[in-house]
Amino acid sequence: MLNRYFRAHHNSLYVVFRVIVGLLFFVHGAQKLFGWFGSKGAAVAYTMFWTAGIVETIAGLLIAVGLFSRLAAVVGGIQMIAAYFIAHYPKGVLGNHGEKISKL
Numbered sequence: 088m089l090n091r092y093f094r095a096h097h098n099s100l101y102v103v104f105r106v107i108v109g110l111l112f113f114v115h116g117a118q119k120l121f122g123w124f125g126s127k128g129a130a131v132a133y134t135m136f137w138t139a140g141i142v143e144t145i146a147g148l149l150i151a152v153g154l155f156s157r158l159a160a161v162v163g164g165i166q167m168i169a170a171y172f173i174a175h176y177p178k179g180v181l182g183n184h185g186e187k188i189s190k191l
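Start counting the sequence shown at 88; every next residue gets the next number (our numbering).
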């Protein structure tokens, strides 16, 4: 029954999923870049953390509106891989201790 529903509505569900993921990516970038959405402050300009905020904000908006979404997703994914190995992996394999504004 669900399989039939998903097949009939896969285009609409794809749009909803893309918009949600894009907006979540945008929110994380806006936290870093502007200090919005409950952040304790904006990142210092021209740092890696600030650059990550720019990539996440722009990629999130592009993904949400569907403009160059595949390219934006690849760039955002590469940034996430780099962030994992630079900021999280040194704290352990599962070293995600939440997001904190730092001067990386």
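Quick reminder that beta carbons are idealized off the backbone N, C-alpha and C, glycines included.
- When only Cα atoms are considered, Ala-130 and Pro-177 end up about 21 Å apart.
- In this structure Gly-163 is in contact with Phe-112, their Cβ atoms being roughly 6 Å apart against a cut-off of 8 Å.
- Between the C-alpha atoms of Ala-132 and Ala-95 there is a straight-line separation of about 47 Å.
- Collapsing the DSSP output to three states places Gly-122 in coil.
- Note on the stretch 146-175: whole alpha helix (DSSP H) runs with a minimum of 4 residues are 156-170, in chain order.
- Fewer than three Cβ pairs drawn from the stretch 151-159 and the stretch 167-174 lie within less than 8 Å of each other, which leaves the two stretches out of contact.
- DSSP places Ala-95 in the uninterrupted alpha helix (DSSP H) bounded by 89-95.
- Taking C-alpha positions only, Thr-134 is separated from Met-88 by approximately 50 Å.
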